[in-house]
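The sequence shown maps to residues 1 to 312 in the UniProt record's numbering. All C-beta atoms in this analysis are idealised placements derived from N, C-alpha and C, irrespective of residue type, glycine included. One structure below.
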Amino acid sequence: MDLRHLRYFVAVAENGSFTRAAEQIGMEQPPLSQQIKQLENELGVLLFQRLTRGVKLTDIGLVLLDQARALLGMQQQFIATATGLARGEKGHIRVGLAGAVSLLPMIPLTVRRFREVWPDVTIYLEESNTPALRKALHDRAIDIAVVRPPVPDGAGLLVSPLLEEETVVALPKGHPLAVHPHLELEMLADEPFIIFPRELGPGFHDAILSACHNAGFTPRMGQQAPQIASTVPLVAAGLGVSVVPRSLRQIHSGGVTYHSLGAKAPRAELAIAMRAGQHVPLLSNFISTLRACCRDMHAGAQVIALGEAEGE
1 MDLRHLRYFV AVAENGSFTR AAEQIGMEQP PLSQQIKQLE NELGVLLFQR
51 LTRGVKLTDI GLVLLDQARA LLGMQQQFIA TATGLARGEK GHIRVGLAGA
101 VSLLPMIPLT VRRFREVWPD VTIYLEESNT PALRKALHDR AIDIAVVRPP
151 VPDGAGLLVS PLLEEETVVA LPKGHPLAVH PHLELEMLAD EPFIIFPREL
201 GPGFHDAILS ACHNAGFTPR MGQQAPQIAS TVPLVAAGLG VSVVPRSLRQ
251 IHSGGVTYHS LGAKAPRAEL AIAMRAGQHV PLLSNFISTL RACCRDMHAG
301 AQVIALGEAE GE
């Protein structure tokens, strides 16, 4: 038995006639009768009572009709799901976000725009640090991640630049330098620096230290923050100053003021990471939407054009 037999069975039952069912299906009546007889023989039951004019379902046929319809409905749903997955229109995507990335306006904008076009796709967001996200990609716990490059031990991953975010200085409220809306790095030479562990974001960590060296000083390290976003509460506590991604200005600690930096300011780079060899339309659609949102929200970030990266 195959699903074709079930379609014939349902057609005859709904039309009450082999002749009308054959016309609906687009086949001759005798072959249709033979197919139904073959189905009855295979099942060992009588599905129809043959009448002078038309047919009538037997009690067994009446019970099996609902199940036949359910099976055919499952087939249609299966085909629709497969087609949707092939087009990137159905399914789910698990997105990892490195420290403070969720504060970027492009993230909620990307999710909103993506859902407007592909409402049948479910998006899961997970915040962590770059090393943990690298492991999650390898473990297939997430499908794609926005990370802070470089990605340590990134073998088997495709890492593509996304944008460079501006940085600002975070000062404790009431700090003598807080009267200046714009600061130069060398003005912070005598201040204790609050910074996150290098392993959480070696690229951004090194960019901060390199910018300080270029400004003529080696920063005096103060309290270490467990995460990038954790630097702001520590600054608010008066434990030092910090250079943070511009997006962290959304953390309204009350005890912190934010100040723009001059030409020597470091940049906070972001990249898209995914498993190499993935050719999933769903991921390509998400990446395309993410890059478009980055371009639209170019203020404070320089989007890096990559042409046909990630198979877009």
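Exposure label - residue i; buried when at least 16 CB within 10 Å
i           : result
THR110      : buried
GLU269      : buried
ASP139      : exposed
ASN285      : buried
ASP143      : buried
PRO152      : exposed
residue 324 : Missing from the structure shown is residue 324; the chain here goes from 1 to 312 and no further.
ILE287      : buried
MET74       : exposed
ALA263      : exposed
GLY96       : buried
GLY174      : exposed
ALA170      : buried
GLU44       : Before going on, a small fix: residue 44 reads as Gly here, not Glu. Burial call: exposed.
Residue i versus the options, residue with shortest Cα-Cα distance
i      : options                          : result
ARG115 : ASP296, THR289 and ARG295        : THR289
GLY156 : LYS135, ALA170 and PRO172        : LYS135
PRO281 : GLY91, LEU65, VAL10 and ALA11    : GLY91
GLY240 : SER247, PRO176 and ALA263        : PRO176
HIS180 : ARG275, GLN67, GLY26 and HIS259  : HIS259
GLU186 : HIS213, ILE36, LYS56 and ASN15   : HIS213
GLN250 : ARG20, HIS5 and LEU103           : LEU103
ALA207 : ASN15, ARG295 and VAL243         : VAL243
SER128 : GLU14, VAL101, LEU209 and PRO119 : VAL101
LEU62  : ALA236, GLU23, GLY16 and ILE25   : GLY16
HIS5   : LEU133, THR231, ARG275 and LEU64 : LEU64
Supposed close pair residue i, residue j - CB separation, criterion 8 Å
i      : j      : result
PRO266 : THR130 : Going by Cβ atoms, the distance from PRO266 to THR130 rounds to 17 Å, so no, they are not a contact pair.
GLY216 : PRO192 : With a Cβ gap of about 18 Å, GLY216 and PRO192 do not count as contacting.
ILE163 : GLY99  : A quick correction: the sequence has Leu, not Ile, at residue 163. In fact, because the Cβ distance is near 15 Å, the residues do not count as touching under 8 Å.
THR58  : LEU72  : Not a contact, Cβ separation roughly 20 Å.
PRO149 : VAL159 : 6 Å
ALA225 : ILE194 : 6 Å
Rounded straight-line distance, which links the Cα of residue j to that of residue i
i      : j      : result
PRO105 : THR218 : 33 Å
GLN278 : GLN34  : 48 Å
TYR124 : GLY54  : 55 Å
GLU184 : ALA211 : 11 Å
GLY300 : ARG69  : Low confidence applies here, because GLY300 scores a pLDDT of 42, under 50, leaving its location unreliable; read the following figure in that light. Going by the C-alpha atoms only, they are around 57 Å apart.
GLU165 : PHE196 : 17 Å
THR257 : ALA271 : 28 Å
ALA11  : ALA292 : 49 Å
ARG94  : GLU42  : 46 Å
GLN77  : TYR8   : 19 Å
GLU308 : MET27  : Residue confidence for GLU308 is low, a pLDDT of 35 falling below 50, so the modelled location carries little weight and cannot support an answer.
THR122 : ARG246 : 29 Å
LYS37  : ILE79  : 28 Å
PRO31  : ILE60  : 23 Å
GLY254 : ARG220 : 25 Å
GLN227 : HIS205 : 12 Å
ILE304 : ALA273 : Because the pLDDT of ILE304 is 45, which lies under 50, any placement of that residue in the model is unreliable, and the number read from its coordinates should be weighed accordingly. Computed Cα separation, rounded: 15 Å.
GLY238 : ASP190 : 15 Å
ASP66  : ARG20  : 20 Å
PHE18  : LEU3   : 18 Å
Residues sharing a beta bridge with residue i, DSSP
i      : result
GLY16  : DSSP lists no partner for GLY16.
ASP170 : Checking the sequence shown, residue 170 turns out to be Ala, not Asp. ALA170 pairs with SER242 and TYR258.
LEU158 : MET274
GLN49  : LYS56
MET221 : PHE193
TYR124 : ARG94
GLU269 : GLU164
LEU183 : LEU261
VAL147 : ALA271
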